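Report on the structure given below.
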Amino acid sequence: MTSEELQEITATEKEARARHPHHICVCTAAGCLSAGSGEVKKALDKEVLESGMKDECHVKGVGCMGLCSAGPLIVVDGAMYRDVKPDDATDIVRSLEDGKPVKRLACDTSAPFFTRQTRIVLENSGRIDPERIEDYIAEEGYAALLAVVTEKRPMEVLDQVIKSGLRGRGGAGYPTGLKWSTVAKASSSGQKYVICNADEGDPGAFMDRAVLESDPHRVLEGMAIAAYAVGASRGYIYVRAEYPLAVKHLRTAIRQAERLELLGNDIAGTHFSFKVEVRLGAGAFVCGEETALIASVEGKRGTPRPRPPYPAQEGLWGHPTLINNVETFANIPPILRKGGEWFAKIGTAKSKGTKVFALAGRVNNTGLIEVPMGIPLREIIHEIGGGIPGGRNFKAVQTGGPSGGCIPADHLDLPVDYESLAKVGSIMGSGGMIVTDDSSCMVDVAKFFIEFCMSESCGKCVPCRVGTTHLYHLLERISSGEAEERDLATLEELCDVVRNTSLCGLGQSAPNPILSTLHYFRDEYQAHVSEKRCPAGVCHMADQEVKA
Amino acid sequence: MRRNGYQGHALIEALHSVQEAFGYLEPEGLRYVAQSLRVPLSQAYGAATFYHFFTMKPPGRRTCVVCTGTACYINGAPALLAAMEAKYGIKPGETTPDGELSLLTARCVGSCSIAPVAVFEKDVVGRLTAAEMVAKAERFVGHDV
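The listed protein sequences correspond, in order, to chains B and G.
For the first sequence, the numbering used here begins at 27 and goes up steadily by one.
For the second sequence, the numbering used here begins at 4 and goes up steadily by one.
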C-alpha cells in the first residue's frame, strides 16, 4: 500500500458515495441496537428496495451518534431523527421523494448537547461504517500512518506526541509522550510490545466500547504509529469479553487492514512490521491495572506486581512494553495528521485536547459526549446533559468510577481537567460520569462502590483484601442503623491505611468514594449514625421504619 | 481453539472457547485444556475461578443477566433483582430447581443510557421496571429454544 493507492481508494469511495443522492445512516452501536435499531435498519432496507429507490438511496449502519437516550437514532441526508421505530420506515423513505423531512421524528441538533461538543476522538463515530475499511480511508484514515512510516523518523513522531501534551486517557493522566520515550529508549535486544488497554471495567463507563464499535481502525492506526515510534513489532488489544460487538468489529478491522497491508509485514514497502492480536479479558476489574493486564495477557491470573520495574522497562514476557488506553491511541492519528501544536491549542494549560465522557444516571440526555478539557461541570450536566429529570434536584456527580469520588453542587463550576478534579477528591478516571439526584443516599452509593472493590480485589495484598471487606462491613452497619459514633472515626482511619499501603491502584483508590462522600455529605452519615435514619429513604434501618 | 500453537499463554483464550461451546467449564474440560497447553491444572483452575466471566456451574436452559453497574444501580437494578427473587426464589448466581432459568448479574453491560438493563440470552432490554422484568422473564422461560 502506497499513499497513491490510498488516495485511489479514497477517490473510488467518494465517487461511490456521490452516486447515491440520498444517504441514511442508522446507528448500530450497542446503545441503539438494544433500543431496536437492528429492526429499524431492516425495515429501511426493505422499504428502499420496495419503493425502487435502491440506486438513489444508500442505507448504512454506523457507529455511536452520542445521544443514546433518544435511540434508535438515524441520520437522513444530514437531518437527525430520534426514537425511530421500524413502522416509521415508510414515512422516512417517502420523505426522500417529496423532500420534506418527517417532523414528528426530528431531533434538534442545534441543542447544546450537540453544539457544545468538540469531536476529535469521535470525529468519525456515527458517520462511517465501522465494518468497512474503505469508509475510514475516505475520512483520511491511515494517511497519518503511511506518512509516518515513509517520511518520518521515530524521533520526529515522539516529538509531535510530546508537543501535543497528550496525557493518558485511562485515568491517571501520565504524559503519553514521556511514556513513549521511555519505551523507545529502553534497550532491548529483542522484542518490544504495544498493548492497548480496552478492559473498560468501570461500571457506568462505555467510552472505549463506543470507540471500538464505531471506529476500530482509528485505534489500530494509533497503535501502529506508536509501535513505529517505540520500535515494537507486535501488539495486543486486551478487550472485555462482555463487549461482543466491539470484539467482532476489531477482528474484522484487523483482517481488513492486513489485507491492504496496513498491518502485518513490511508495511507500505518499508521494513516496519506490526502484527496485532485481540486478547479477551474475562471480567476482572483489576486487569485494568497495567501489570495485572500483562499477567492476564500472559494467560495467568490477573494480579498486579510491585512497580518499578515499570512495564516500559520490563513488561510482557519481560520485554519493554507500551500500554495505553483506547482513547489515547484514538487521539494519535489526528495529532500526527494535524501536528502536535494544533492539539495543544485545545484544552487547558496542563490538560490538552478533549475528553470523552459517558454521561449517565439521573440526567435527561444520557449518552456519549466529547468535550474540550476545562469545560465546567455545570455546563456538562445542565446544558449538554439537559438537567435532572422529574423536577428533582442535583445532588452529586460521580467521576472515575470505583476509584473516583462524588462532587457536590458547590463545586459545579469546577473546570474538568486532571488537576482540578484531583483537588476536590475525585479523579478524571477513564470517563464515566454518573449524575445522582436527591433520591440517592450517599452512604448507599459509597457502599455500592466499596462492595465492588471488595469483590474485585485480587487478594494479593492484605490491606486491599482485608481492608475493603472491613470498610464494607462498617458501611453496612452504618446503613442499617447499627453503627456508633466511633465507627465513623474507625472508617476514616481504615480508609487512610488502605489508601497508603495497598499494592496497586485498585486498593490505593478504593477509599476515594467513601472519603469524598464523607467529606461533602457528612451530615448524611451523621443522620444514619446518631438519628438512625436515612435522609434519602434508601437504606432500611434495622430497628425502625424508614423515614423519608 | 488450538490456533495459538499450544502455548501456555493461550490459557484464557482456550477457556473462553470451552465455555462458549459447553456453556460452562466442567472439570474434564479444564483438565483437557491444562494438559494440552502443558500448564499445571492448578493454574487453569486458578484462572477459571479468578475471572468472573468463567463459571463452573452448569447454567439453566435460559439465562438472564441483570446489569448492576452504577447507572443501573442508581436507576433501580436492586428492585429488579428483588422482584426476580420474589417470583422465582433465586438469587443472583443461582438457577431455578427445574433448571429452566439462571439469574446472573453483570458489572456493567455498557448500555448505561437506557438503565436499568437486563440481558435475556443475547437480547438487551432497557428501561425496565420490576413488573416488566418479571413479565419478560415469564415469557422468556415459556418460550421454546
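C-beta atoms are modelled at their ideal positions from N, C-alpha and C, and glycine is treated no differently.
Predicted, not measured: the structure shown is a model, and the values here were computed from it.
Check each candidate in the options and name the one with the smallest Cα separation from residue i.
{"i": "Ser-213 (chain B)", "options": "B:Ala-356, B:Gly-257, B:Val-323, B:Ala-553", "result": "B:Gly-257"}
{"i": "Ala-110 (chain G)", "options": "B:Gly-230, B:Pro-330, B:Gly-197", "result": "Residue identity differs from the one stated: residue 110 (chain G) is Arg in this sequence, not Ala. Selected option, being the one with the closest Cα: B:Gly-230."}
{"i": "Leu-438 (chain B)", "options": "B:Lys-558, B:Val-461, B:Gly-417, B:Glu-340", "result": "B:Val-461"}
{"i": "Met-87 (chain G)", "options": "G:Ile-77, G:Val-137, G:Met-59", "result": "G:Val-137"}
{"i": "Val-21 (chain G)", "options": "G:Ala-140, G:Gly-129, G:Thr-58", "result": "G:Thr-58"}
{"i": "Gly-427 (chain B)", "options": "B:Ser-535, B:Gly-78, B:Val-524", "result": "B:Ser-535"}
{"i": "Val-112 (chain G)", "options": "G:Leu-40, G:Phe-56, G:Tyr-27", "result": "G:Phe-56"}
{"i": "Thr-425 (chain B)", "options": "G:Cys-70, G:Leu-83, G:Gly-145, G:Ala-74", "result": "G:Ala-74"}
{"i": "Arg-235 (chain B)", "options": "B:Asp-109, B:Glu-409, B:Gln-552, B:His-275", "result": "B:His-275"}
{"i": "Thr-132 (chain G)", "options": "G:Glu-29, G:Asp-126, G:Arg-142, G:Ala-121", "result": "G:Ala-121"}
{"i": "Gly-412 (chain B)", "options": "B:Ala-96, B:Ser-322, B:Gly-290", "result": "B:Ala-96"}
{"i": "Phe-474 (chain B)", "options": "G:Lys-94, G:Pro-81, G:Leu-104", "result": "G:Pro-81"}
{"i": "Asp-590 (chain B)", "options": "B:Glu-123, B:Glu-160, B:Met-106", "result": "Coverage of chain B is limited to positions 27 through 574, which leaves residue 590 (chain B) absent and any answer about it impossible."}
{"i": "Ser-151 (chain B)", "options": "B:Asp-109, B:Met-233, B:Glu-82, B:Ala-132", "result": "B:Met-233"}
{"i": "Gly-129 (chain G)", "options": "G:Glu-16, G:Gln-46, G:Ala-118", "result": "G:Ala-118"}
{"i": "Lys-558 (chain B)", "options": "B:Glu-511, B:Ile-540, B:Leu-529, B:Leu-517", "result": "B:Glu-511"}
{"i": "Phe-351 (chain B)", "options": "B:Met-249, B:Glu-157, B:Pro-332", "result": "In the sequence as displayed, the identity of residue 351 (chain B) is Asn instead of Phe. Selected option, being the one with the closest Cα: B:Met-249."}
{"i": "Leu-32 (chain B)", "options": "B:Gly-64, B:Arg-244, B:Ala-164", "result": "B:Ala-164"}
{"i": "Lys-72 (chain B)", "options": "B:Ile-118, B:Asp-464, B:Arg-525", "result": "B:Ile-118"}
{"i": "Val-302 (chain B)", "options": "B:Gly-290, B:Ala-310, B:Cys-313", "result": "B:Gly-290"}
{"i": "Ile-361 (chain B)", "options": "B:His-48, B:Ile-146, B:Arg-491, B:Glu-30", "result": "B:Ile-146"}
Buried or exposed for residue i, going by 16 or more other Cβ atoms inside 10 Å?
{"i": "Thr-38 (chain B)", "result": "exposed"}
{"i": "Gly-227 (chain B)", "result": "buried"}
{"i": "Val-488 (chain B)", "result": "exposed"}
{"i": "Tyr-162 (chain B)", "result": "buried"}
{"i": "Gly-197 (chain B)", "result": "buried"}
{"i": "Gly-458 (chain B)", "result": "buried"}
{"i": "Arg-43 (chain B)", "result": "exposed"}
{"i": "Met-181 (chain B)", "result": "exposed"}
{"i": "Ala-85 (chain G)", "result": "exposed"}
{"i": "Ala-24 (chain G)", "result": "exposed"}
{"i": "Ser-466 (chain B)", "result": "buried"}
{"i": "Tyr-219 (chain B)", "result": "buried"}
{"i": "Thr-52 (chain G)", "result": "exposed"}
{"i": "Ser-377 (chain B)", "result": "buried"}
{"i": "Tyr-91 (chain G)", "result": "buried"}
{"i": "Glu-41 (chain B)", "result": "exposed"}
{"i": "His-566 (chain B)", "result": "exposed"}
{"i": "Trp-343 (chain B)", "result": "exposed"}
{"i": "Pro-61 (chain G)", "result": "exposed"}
{"i": "Asn-357 (chain B)", "result": "buried"}
{"i": "Arg-548 (chain B)", "result": "exposed"}
{"i": "Asp-292 (chain B)", "result": "exposed"}
{"i": "Ser-322 (chain B)", "result": "buried"}
{"i": "Asp-470 (chain B)", "result": "buried"}
{"i": "Ser-116 (chain G)", "result": "buried"}
{"i": "Tyr-9 (chain G)", "result": "exposed"}
{"i": "Lys-129 (chain B)", "result": "exposed"}
{"i": "Leu-447 (chain B)", "result": "buried"}
{"i": "Val-572 (chain B)", "result": "Here the model assigns Val-572 (chain B) a pLDDT of 42, short of 50, so the residue's position is not dependable, and the following value carries that caveat. Under this definition Val-572 (chain B) is an exposed residue."}
{"i": "Gln-38 (chain G)", "result": "exposed"}
{"i": "Ser-45 (chain G)", "result": "exposed"}
Using 8 Å for Cβ pairs, my map puts residue i next to residue j. What's the rounded Cβ distance?
{"i": "Val-555 (chain B)", "j": "Ala-515 (chain B)", "result": "With 8 Å as the limit, Val-555 (chain B) and Ala-515 (chain B) do not qualify as a contact, their Cβ atoms being about 11 Å apart."}
{"i": "Pro-434 (chain B)", "j": "Ile-401 (chain B)", "result": "With a Cβ gap of about 18 Å, Pro-434 (chain B) and Ile-401 (chain B) do not count as contacting."}
{"i": "Val-209 (chain B)", "j": "Leu-348 (chain B)", "result": "4 Å"}
{"i": "Ala-55 (chain B)", "j": "Ser-240 (chain B)", "result": "6 Å"}
{"i": "Pro-330 (chain B)", "j": "Ala-338 (chain B)", "result": "Not a contact, Cβ separation roughly 16 Å."}
Tell me the DSSP bridge mates of residue i?
{"i": "Lys-301 (chain B)", "result": "B:Arg-260"}
{"i": "Asn-351 (chain B)", "result": "B:Asn-223"}
{"i": "Ile-50 (chain B)", "result": "B:Val-85, B:Val-102"}
{"i": "Arg-193 (chain B)", "result": "B:Pro-201"}
{"i": "Ser-45 (chain G)", "result": "For Ser-45 (chain G), which the question treats as bridged, DSSP gives no partner whatsoever."}
{"i": "Glu-247 (chain B)", "result": "Bridge partners of Glu-247 (chain B): none, in fact."}
{"i": "Pro-398 (chain B)", "result": "B:Thr-380"}
{"i": "Val-122 (chain G)", "result": "G:Val-68, G:Val-127"}
{"i": "Ser-105 (chain G)", "result": "G:Thr-66, G:Thr-98"}
Runs of beta strand (DSSP E) wholly within the region 362-389 of chain B (minimum 3 residues, chain order)
Contiguous beta strand (DSSP E) elements confined to the region 362-389 of chain B occur at 380-387, taking only those with 3 or more residues.
As an exercise, report each continuous beta strand (DSSP E) stretch of at least 3 residues that is fully enclosed by the region 61-90 of chain G, in chain order.
Listed in chain order, the complete beta strand (DSSP E) runs (minimum 3 residues) inside the region 61-90 of chain G are 65-70.
Whole beta strand (DSSP E) runs in the region 402-470 of chain B with 3 or more residues, listed along the chain?
Taken in chain order, the whole beta strand (DSSP E) runs of length 3 or more contained in the region 402-470 of chain B are 420-425, 431-434, 458-463.
Going residue by residue through the region 112-199 of chain B, where are the continuous alpha helix (DSSP H) segments of at least 4 residues, counting only ones entirely within it?
Runs found: 115-124, 138-141, 159-164, 169-177, 180-190.
Which runs of the alpha helix (DSSP H), 4 residues or longer, sit entirely within the region 511-559 of chain B?
Whole alpha helix (DSSP H) segments, 4+ residues: 511-527, 531-535, 538-546, 548-556.
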